[in-house]
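Visitor: Submitted below is the structure of interest, expressed as structure tokens.
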Amino acid sequence: MRKISKLRRSAFASPLLLVLALFAIGTTFSVASATTKSELSVEQRSAQIAEGKNIFLKGCSSCHGLNLEGSAIAPSLVGVGAASVDFQVGTGRMPVADLSQQIARKEPIYNEAQTAALAAYVASTSLGPEIPNESMLNYERDGNTAEGGTLFRTNCAMCHNFAGQGGALTQGKYAPSVMGVEPKHIYEAMITGPQAMPVFADKTITPAEKLSIIKWIKAAENEPQLGGAALGRVGPVTEGLLVWTLGLGLLIGVAVWLATKAR
Amino acid sequence: MTARERVAGTVANYVDERTGAAKWMKKNLTKVFPDHWSFLLGEIVLYSFIILLLSGTFLTFWYDPSQREVIYDGSYVPLQGLHMSAAYASTLHISFEIRGGMLMRQIHHWAALIFMAGMVVHLMRVYFTGAFRKPREFNWIIGVGLLTLGIVEGFLGYSLPDDLLSGTGIRIAEAIIQALPVVGSYLAFFAFGGAFPGEAFIPRIFTVHILLLPGIFLALITVHLMLVWYQKHTQWPGPGRTEKNVVGYPLMPAYMAKAGGFFFIVFGVTAFLGAVASINPIWLYGPYNPGQVSAGSQPDWYMGWLDGLVRMAPPLETYLFGYTISWNILIPGLIIPGILFTGLALYPFIESWITGDKREHHLLDRPRNVPNRTALGVMSLTFMLVALINGGNDIIATTFSLSINQVMWFSRIGIIILPPIAFVITKRICLSLQRADRELVLHGRETGRLLMLPHGEFVEVHEPISPELAWKLTAHEQAPALALEDVDARGVRRAGGLKNKLRKRMSQANAESIAKPTANDLKEIEHH
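First to last, the protein sequences are chains A and B. All letters in the first sequence, in the order written, are residues -5 to 257 by this note's numbering. All letters in the second sequence, in the order written, are residues 28 to 555 by this note's numbering.
The following block contains the structure:
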């Protein structure tokens, strides 16, 4: 006991305790704030960027230029960020199959690793929106369906239709259906504004509100067909078509049958 | 006399002694109606009207026609906690919580679409067969009135749920009211009780939708049917059928059974559609908010042509004495529909003026035998169809990977060019069919049997057609054009020269036909 109290009064006690306390706080903080994200080492990262550059030079540079400067038929990729690359390549829109009115969604040409490498390469050249990670996309936890529906109807429905089925824009362009789109890609579309779509920056629609929109889209996607066959969820046009074909067809058929039987 | 007959007789006698109904019933239950499938088209409309009354009454038990703001706490999760009108909330309540409510709502809406479609096919039957001619002009006008009111009634019903689509429709209706020069904005304020959307409109249109218009419908439909009863039904020409008789089956039992059965079939088809196909999924549209609009916002089909006309109108505007005249809304939204429906209502009188025919007609025309009328009908339908197509131009563009601009330009040009083309083609087809009829009467039916003559020539054997068919093909009359001279007997120019000229030209066009075979023609043929 004496020994401990002697040690306590020692001249080194205070600095030592301070060092111990700082160490404890630092450790606690780093443990507490540790993310599950698998960080790549510097070597792995530069290897990925090198691979991305390789893919870019082979597959993309003929239109986007050797230094991402763009050309007459393709925009510059300076400052588009990893999110743009992940959206365009991940949904198969890039590389483009035909240069018609609008670049359509198709089966992706590059696999996930190649897409990630391309995104890393483009992001390494200049600053731009980043790919949202898993923890940023937990819409089930952080989103609100009803609020998402209101936001969707206010900001998205005018082009993508009330049920996210898509709609026509001018000169053959169109807003595609948002059904069956990966949450990550919906998020990226909102922050990068691909093709005719405007950018919905975090000040316009906060990240939490973006997750609400995604949650509502997923709810609409998984909603059972309440009230019978949904008829495409595009409004009264298909309803009118059905009434004139099936409805009137059946009724006139019966009328003919009723008048024929009497003979 | 069996016990059952005795009881029936006693009951019938009891009723008759108190109402004197027996004589009236005896006369009217044996009334004869001609039989043809196209005469049942009007019944589709009548039966869907009854379905509308029944299903509509069911809906009023829970619908709350109020724009009072409520917070939704019903069972449809994606809307929970949202602010909405009581009208919208109660429609959701009917859809999701009331037993059979969704089915009834869908039956009501499908019945409305069938009601309007039935009216159009019934109108087409009456028009193309000339059933609107004297003495049935009033009934024709009542029919046009029912069609117009049907469009209004349908639109009001579409507006009641107060979902995003309803509100968008009301917004456009308001714009059309406002497009009226000078009085437009005052009328809009009057209708909405202030600025759009206000809180007065839905309660008001509810009263009109469930009380005023159905009452007018009931009255007009009753008069429509009473006139059919009194004037008797028209019939197709045939042996033994004249302008003075009606050949067919008695009401009791043949038509009672048919009409009763047909009612249940119409109800069955409507209920089938209501059960298997979703219509107006209001829960997906969300509550109305003037700041929102959905791509592909369309009216129901019977107003689609109107929307199509508005969509194709070029952006024309005039600014006069402090007032803006929006031609782009005024012309397609009010002027063109006004001309179309006035022309439709007046058509019987216009035709009778052109032909100079003031006689009664109870025998129907075969459409081919009146080429001008038939062609005019197809021309009008073509106009409406192009307008209707443009009403869905965005859905057509996305479905068929077209540009919405292409569809709109097709409609803009097509609505001017296609109706006249349809007129010419239809008239030519009618005349060709007349020619085919003439051939058939003169040379008989082609049997397909080939005969080799002794000298080696092949001929096809023709068989004479039955006298019934020959009657049917030659019973119609072919009136010559009106002989309207520019100068009267004394060589003085007649008054109203331009009008007479127009009437003469139209009468000549109307009289164009392939001469039907005469008795002399047939005799001559027999000599061969």
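By construction, the Cβ of each residue, glycine as well, lies at the ideal position given by its N, Cα and C atoms. Computed from a predicted model, the values in this text were never measured in an experiment.
Counting only C-beta atoms, is residue 300/B closer than 9 Å to chain A at any point?
Guide: It does: the Cβ of residue 300/B has a partner Cβ on chain A nearer than 9 Å.
Visitor: Report yes or no: do the region 128 to 145 of chain B and the region 72 to 81 of chain B share at least 3 C-beta pairs separated by less than 8 Å?
Guide: Contact between the region 128 to 145 of chain B and the region 72 to 81 of chain B is present, because at least three Cβ pairs lie under 8 Å.
Visitor: For residue 172/A, which residues of its own chain have a beta-carbon under 7 Å away from its beta-carbon, when the five flanking residues on both sides are left out?
Guide: Once the five neighbours on either side are set aside, the close Cβ partners of residue 172/A are 154, 158, 180, 211.
Visitor: Out of 213/A, 146/A, 114/A, which has the shortest C-alpha to C-alpha gap to residue 48/A?
Guide: The candidate whose alpha carbon is nearest that of residue 48/A is 114/A.
Visitor: At a CB distance below 7 Å, what residues from the region 173 to 186 of chain B approach chain A? Give them in sequence order.
Guide: Residues: none.
Visitor: Quick check: what's the CA-CA separation for residue 47/B versus residue 283/B?
Guide: Their backbone Cα atoms lie some 22 Å apart in a straight line.
Visitor: What residues are listed by DSSP as bridge partners for residue 98/B?
Guide: For residue 98/B, which the question treats as bridged, DSSP gives the partners 110/B.
Visitor: What did DSSP end up calling residue 479/B once you bin it into helix, strand or coil?
Guide: Residue state, collapsed to three classes: strand.
Visitor: Taking CB distances under 9 Å as the criterion, tell me whether residue 57/B reaches chain A.
Guide: Not an interface residue.
Visitor: Residue 416/B touches chain A at which residues, Cβ-Cβ below 7 Å?
Guide: Under the 7 Å cutoff, chain A gives no residues; its nearest Cβ is about 10 Å from residue 416/B.
Visitor: Per DSSP, residue 513/B forms a beta bridge with which residues?
Guide: Looking at the DSSP assignment, residue 513/B forms no beta bridge with any residue, so it has no partner.
Visitor: Helix, strand or coil: which one does DSSP assign to residue 257/A?
Guide: Any answer about residue 257/A is weak, because its pLDDT of 47 lies below 50 and its placement is not dependable; what the coordinates show is given next. Looking at residue 257/A - three-state DSSP - the assignment turns out to be coil, as it is neither helix nor strand.
Visitor: For the region 191 to 210 of chain A, enumerate the residues whose C-beta is nearer than 7 Å to any C-beta of chain B, in chain order.
Guide: Within the region 191 to 210 of chain A, the residues whose Cβ lies closer than 7 Å to some Cβ of chain B are 210, listed in chain order.
Visitor: With a threshold of 16 other CB atoms inside 10 Å of the CB of residue 534/B, please say whether the residue is buried or exposed.
Guide: So residue 534/B ends up on the buried side.
Visitor: At what residue ranges does the region 33 to 71 of chain B contain a whole run of the beta strand (DSSP E), taking only runs of 3 or more?
Guide: List check, beta strand (DSSP E) in window: nothing returned.
Visitor: Could you say which of 396/B, 343/B, 403/B lies nearest to residue 370/B if we only look at CA atoms?
Guide: Measuring from the Cα of residue 370/B, the nearest candidate turns out to be 403/B.
Visitor: Anything in chain B within Cβ reach of residue 230/A, meaning under 7 Å, just list it in chain order.
Guide: By Cβ distance, chain B contributes 325, 326, 327, 328.
Visitor: Residues in the same chain with beta-carbon distance under 7 Å from residue 411/B, minus the five sequence neighbours each way, listed in chain order, please.
Guide: Taken in chain order, the residues that qualify are 332.
Visitor: Let me make sure I understand the geometry here. Which of 54/A, 66/A, 197/A has the alpha-carbon closest to that of residue 91/A?
Guide: Checked all of 54/A, 66/A, 197/A; the closest Cα to residue 91/A is 54/A.
Visitor: What separation, rounded to the nearest whole angstrom, lies between the Cα atoms of residue 292/B and residue 248/A?
Guide: Roughly 8 Å separates the two Cα atoms.
Visitor: For residue 88/A, count neighbouring Cβ atoms within 10 angstroms of its own Cβ and tell me buried if that reaches 16, exposed if not.
Guide: Buried, since its Cβ has 16 or more Cβ neighbours within 10 Å.
Visitor: Which full runs of the alpha helix (DSSP H) of 4+ residues lie inside the region 343 to 408 of chain B, going along the chain?
Guide: Correct list: 354 to 357, 363 to 382.
Visitor: Taking any Cβ of chain A, which residues in the region 44 to 72 of chain B have a Cβ under 7 Å from it, in chain order?
Guide: If the cut-off is 7 Å between Cβ atoms, the region 44 to 72 of chain B has 62, 63, 64, 67, 68, 71 near chain A.
Visitor: Using 10 angstroms around the beta-carbon of residue 66/A, count the other beta-carbons present and answer buried if the total reaches 16, otherwise exposed.
Guide: The residue in question, residue 66/A, is exposed, as its Cβ has fewer than 16 Cβ neighbours within 10 Å.
Visitor: With 9 Å set as the bound, which would you pick, yes or no: does the beta-carbon of residue 413/B sit closer than that to a beta-carbon of chain A?
Guide: Not closer than 9 Å to any Cβ of chain A, the Cβ of residue 413/B fails to qualify, so no.
Visitor: Looking at C-alpha atoms only, which residue of 164/A, 61/A, 147/A is the closest neighbour of residue 316/B?
Guide: Ranking the options by Cα distance to residue 316/B, first place goes to 147/A.
Visitor: Who does residue 486/B pair with in a DSSP beta bridge?
Guide: Paired residue(s): 478/B.
Visitor: Identify the continuous alpha helix (DSSP H) that holds residue 173/A and give its terminal residues.
Guide: Residue 173/A -> no alpha helix (DSSP H), and no H or E assigned at all.
Visitor: Using a Cβ-Cβ cutoff of 9 Å, what residues of the region 118 to 142 of chain B are near chain A? List them in chain order.
Guide: Answer set for the region 118 to 142 of chain B: 122, 123, 129, 130, 132, 133, 136, 137, 140, 141.
Visitor: Since residue 161/A sits in a beta bridge, which residues does DSSP pair it with?
Guide: Beta-bridge pairing links residue 161/A to 169/A.
Visitor: By the criterion of Cβ-Cβ separation under 9 Å, what are the contact partners of residue 140/A in chain B?
Guide: Neighbours of residue 140/A on chain B, chain order: 99, 104, 105, 106, 107, 108, 109.
Visitor: Name the chain B residues that come within less than 8 Å of residue 224/A, Cβ to Cβ?
Guide: Within chain B, the residues near residue 224/A are 305, 308.
Visitor: Helix, strand or coil for residue 262/B? Go by DSSP, reduced to three states.
Guide: If DSSP states are grouped into helix, strand and coil, residue 262/B belongs with the strands.
Visitor: Which residues, in order along the region 133 to 162 of chain A, keep a beta-carbon less than 7 Å from a beta-carbon of chain B?
Guide: Listed by position, the residues of the region 133 to 162 of chain A near chain B (Cβ gap below 7 Å) are 139, 140, 143, 144, 147, 148, 151, 152, 153, 154, 155, 156, 157, 160, 161, 162.
Visitor: Is residue 328/B closer than 9 Å to residue 237/A when the C-beta atoms are compared?
Guide: Yes, they are a contact pair.
Visitor: Could you tell me how far apart the beta carbons of residue 298/B and residue 134/B are, in whole angstroms, since I believe they sit closer than 8 Å?
Guide: Their Cβ separation, rounded to whole angstroms, is 6 Å, which keeps residue 298/B and residue 134/B in contact under 8 Å.
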